[in-house]
Amino acid sequence: MIISAPGKVSERITLLGRLESCIYVVDGGNESVLIGGGNTYIVPDLLQQIESFGMEERKIKRLIILHSHFDHCGTIPYLKKRWPWAAVTASSRAKELLGDAKVSQSIATLNHREVEKMGLTDRMREIGFEYTQIDVEEVARDGDVLSVGDLSLEVMEVPGHSSCSMALYMPFEKALFPSDAAGIRHQGYFLASGNSNYDLYQQNLERLAQYEVDLVLSEHYGASTEEDAHFFLPKSIETARKTRLILEETYRRTKDVKKTADEITTLFSKEAPKNFFSPELLSLITGQMVKYFAKKMASN
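Next comes the structure, spelled out in structure tokens:
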């Protein structure tokens, strides 16, 4: 089963945001955490959802960023301003990246562009949104256990999609929060997303697959439950293997990064659902993966 509409996913987990940009609140009883930062443009949705669901904002003690790509931390400046008591938590590499002025400016520019595209510039001005550099106040490291009231979240550093990716596992509900480190699923289609380091991406897919998982809480296109959750990691592993072969074979034939990326983007665009990522974003993802293999193959 796929849960894509905002609302309860399970006893302790609530999905917020939009179909393509999801964040989650985990309720630990006397305190809660928010996982994922989403696109900036979902802030008006979050405010409406928090009110309609009767969520206790004062209980939210952490804002956890699972990786620092612009569409996974865009709401954090606003939410930190609204909830100054909530600690911004991320990996040490994410702290480094988010503290870089050039990276921060790029994140701000991309989020502003998305806000304009959605026609929400005036609305964001009304609610007082201003993108500011994100200060990571708490670093989570591999093997750490974060307490959330009567619950716990196990931290895994899983670079590959990005150099700063981490995932969380909640034993109480056998729930995995992988962000994009487990690939991206939509309407039965799976996209491999080893943008930063494809070898590490595949290694960490295998690591994530060792956990007993009944829920996969993705930051794009909702949560997978029951059989869809059990199927998620094996399918992502198989997709990553097949995609690797396509990337390597195409680059060997063309010996050109751009030609390879264009060819594979066209292939993925034909295979993906119509409302999946834009050709521009697919091109960016494939281009990053092709560059990794071009560099790797040149050094062999």
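Per this note's numbering, the sequence shown starts with residue 1275, numbered consecutively. All residues carry an ideal CB built from backbone N, CA and C; glycine is no exception.
Give a yes or no on whether the C-beta atoms belonging to Val-1307 and Lys-1369 are separated by under 9 angstroms.
For Val-1307 and Lys-1369, no; Cβs fall outside 9 angstroms.
Between which two residues does the beta strand (DSSP E) carrying Arg-1292 extend?
Start and end: 1287-1292.
Note down the Cα distance separating Arg-1518 from Asn-1469, rounded to an integer number of angstroms.
Cα-Cα distance, rounded: 12 angstroms.
Please classify Thr-1363: does DSSP put it in a helix, a strand, or coil?
Strand, per DSSP.
Going by DSSP, which residues form a beta bridge with Val-1300?
In the DSSP output, where bridge partners are listed per residue, Val-1300 has Ile-1287, Val-1307.
Could you tell me the distance, in whole angstroms, from the CA atom of Phe-1505 to the CA atom of Phe-1464?
Cα-Cα distance, rounded: 11 angstroms.
Going by C-alpha distance, which of Leu-1372, Leu-1394, Leu-1450 is nearest Val-1300?
Checked all of Leu-1372, Leu-1394, Leu-1450; the closest Cα to Val-1300 is Leu-1450.
Quick one: complete alpha helix (DSSP H) runs, 4+ long, within the segment 1323-1391?
Listed in chain order, the complete alpha helix (DSSP H) runs (minimum 4 residues) inside the segment 1323-1391 are 1350-1356, 1366-1372, 1375-1391.
Let's test the definition: count the other Cβ atoms within 10 Å of the Cβ of Pro-1553 and tell me whether it reaches 16, buried, or not, exposed.
Exposed, since its Cβ has fewer than 16 Cβ neighbours within 10 Å.
Rounded to whole angstroms, what's the CA-CA distance from Glu-1412 to Glu-1428? Just pull it up for me.
Rounded to whole angstroms, Glu-1412 to Glu-1428 spans 15 angstroms at the Cα level.
Thinking just about the alpha-carbon of each residue, which of His-1494, Ser-1437, Ser-1492, Glu-1493 is nearest to the one in Tyr-1472?
The candidate whose alpha carbon is nearest that of Tyr-1472 is Ser-1437.
Which stretch, first to last residue, makes up the alpha helix (DSSP H) that contains Tyr-1566?
First-last of the alpha helix (DSSP H) with Tyr-1566: 1553-1573.
Going by Cα to Cα distance, which pick from Val-1422, Glu-1493, Thr-1524, Ala-1546 is closest to Met-1571?
Here the closest residue by C-alpha is Thr-1524.
Can you find the residues in the same chain that come closer than 8 angstroms, C-beta to C-beta, to Ser-1380, ignoring five residues on each side of it along the sequence?
Cβ within range, chain order: Phe-1344.
Assuming Leu-1340 and Ala-1441 are in contact, meaning their beta carbons sit under 8 angstroms apart, how far apart are those beta carbons, in whole angstroms?
Leu-1340 to Ala-1441, Cβ: 7 angstroms. Contact.
Taking the straight line between their C-alpha atoms, what separation do you get for Leu-1576 and Leu-1556?
No answer is possible for residue 1576: it lies beyond the span of the chain, which begins at 1275 and ends at 1574.
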